[in-house]
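Asker:
In our numbering, the protein residues as written are 10 to 308.
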């Protein structure tokens, strides 16, 4: 390959003194698609922006966060295991971040450090893009009671779902989460066949917020044939795109929605908070989807 300085300079983006720097805090973060996603957003909007993964251990998260604005970083996303640890480190919190109890988007401003949560809105936008708006009129069943479940319960409740059945193997954890949303119609149930069989016939949506499916695990307690024929199954796992749960949903004739849309939509809302511009998400999602398919095929 012949080196051509002029073509390399013209064809490559390179950061300069005016480049806006953002990033993601977590541990680990080497697997994150966010740097690529935000670079695509920036290119789409013709913005001079760099997005960097920052692998940060839990014990030094406060020190790392305090040092970032000194270096000129304008904002960061936050992923596991730091979303809840961000709360006491913020000078200001959005209503969603306060209610959900987690921060996934941080802004460094002249008035202090602002914490936001875009997971709930990202989930809702992705769901509306994939399934329209009819789901808001019906109950939903949520599997899992971790941090992602909190954001999704918040989104479902504020969208108007009349009942949210929260199923978790450790029932007290689901009950504890429900207590955090006293104004929402959250009903904790055990994650077992009997309890799920009773609620699935009424659920237009089944959402898996647990990590089950990341490594090919099944959900033996779920009888998807009991769901309404126009129902949809949403798995927030996005790698792999086709989890056993989504495969079973398609076999049952149900809608099947993977987690990539939520990833892109929550990232787009973070991008809007930072830059004032909401990027077009469909094209970016398709690029990431093609890449994930290639990666999964080559394994």
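Ideal Cβ placement from N, Cα and C applies to all residues, glycine included.
(1) Just tell me which of 200, 298, 169 has its CA closest to the CA of residue 184.
(2) Where residue 106 and residue 171 are concerned, what is the direct C-alpha to C-alpha distance, given to the nearest angstrom?
(3) Taking contact to mean 3 or more Cβ pairs, one atom from each stretch, closer than 8 angstroms, check whether the segment 103-121 and the segment 156-174 are in contact.
(4) If you drop the 5 nearest sequence neighbours on each side, which residues of the same chain put their C-beta closer than 7 angstroms to that of residue 131?
(5) In angstroms, rounded to a whole number, what distance separates the CA positions of residue 166 and residue 175?
(6) Report the rounded CA-to-CA distance for residue 309 versus residue 47, giving the unit in angstroms.
(7) Who pairs with residue 118 in a beta bridge, going by DSSP?
(8) Have a look at residue 231 and residue 216 and give me their C-alpha separation to the nearest angstrom.
(9) When the distance is taken between beta carbons, is residue 297 closer than 8 angstroms to residue 255?
(10) Buried or exposed for residue 192, please, with buried defined as at least 16 other CB atoms from any protein chain shown within 10 angstroms of its CB.
(11) Tell me which residues share the same chain as residue 123 and place their Cβ nearer than 6 angstroms to its Cβ, disregarding the 5 neighbours each side in the sequence.
(12) Between which two residues does the beta strand (DSSP E) carrying residue 235 extend?
(13) What residues in its chain sit with their C-beta under 8 angstroms from that of residue 37, if we drop five residues either side in the sequence?
(14) Bridge partners of residue 177, per DSSP?
(15) Between the segment 137-156 and the segment 205-225, do three or more beta carbon pairs fall short of 8 angstroms?
(16) What does DSSP give as the partner residue(s) for residue 85 in the beta ladder?
(17) First and last residue of the beta strand (DSSP E) that includes residue 190?
(18) Sort 89, 90, 62 by Cα distance to residue 77 and report the nearest one.
(19) Taking the alpha helix (DSSP H) that residue 273 falls in, what are its first and last residues?
(20) Would residue 241 pass as a contact of residue 214 if the rule is Cβ separation under 8 angstroms?
(21) Between which two residues does the beta strand (DSSP E) carrying residue 261 extend?
(22) Pull the bridge partners of residue 63 from the DSSP assignment, please.
(23) Out of curiosity, what's the CA-to-CA distance linking residue 66 and residue 73?
(24) Using only alpha-carbon positions, find the residue among 43, 31, 56 that is nearest to residue 80.
(25) Decide if residue 228 is buried, meaning its Cβ has at least 16 other Cβ atoms within 10 Å, or exposed.
Answerer: According to the structure shown:
(1) 200
(2) 23 angstroms
(3) yes
(4) 271, 274, 275, 278
(5) 12 angstroms
(6) With the chain covering 10 to 308 only, the question about residue 309 has no answer from this structure.
(7) 121
(8) 12 angstroms
(9) no
(10) exposed
(11) 101, 116
(12) Residue 235 -> no beta strand (DSSP E), and no H or E assigned at all.
(13) 64
(14) 199
(15) yes
(16) 32, 115
(17) From DSSP, residue 190 is part of no beta strand (DSSP E); its letter is neither H nor E.
(18) 62
(19) 269-284
(20) yes
(21) Premise fails: residue 261 is in no beta strand (DSSP E) and is neither H nor E.
(22) 34
(23) 9 angstroms
(24) 31
(25) buried
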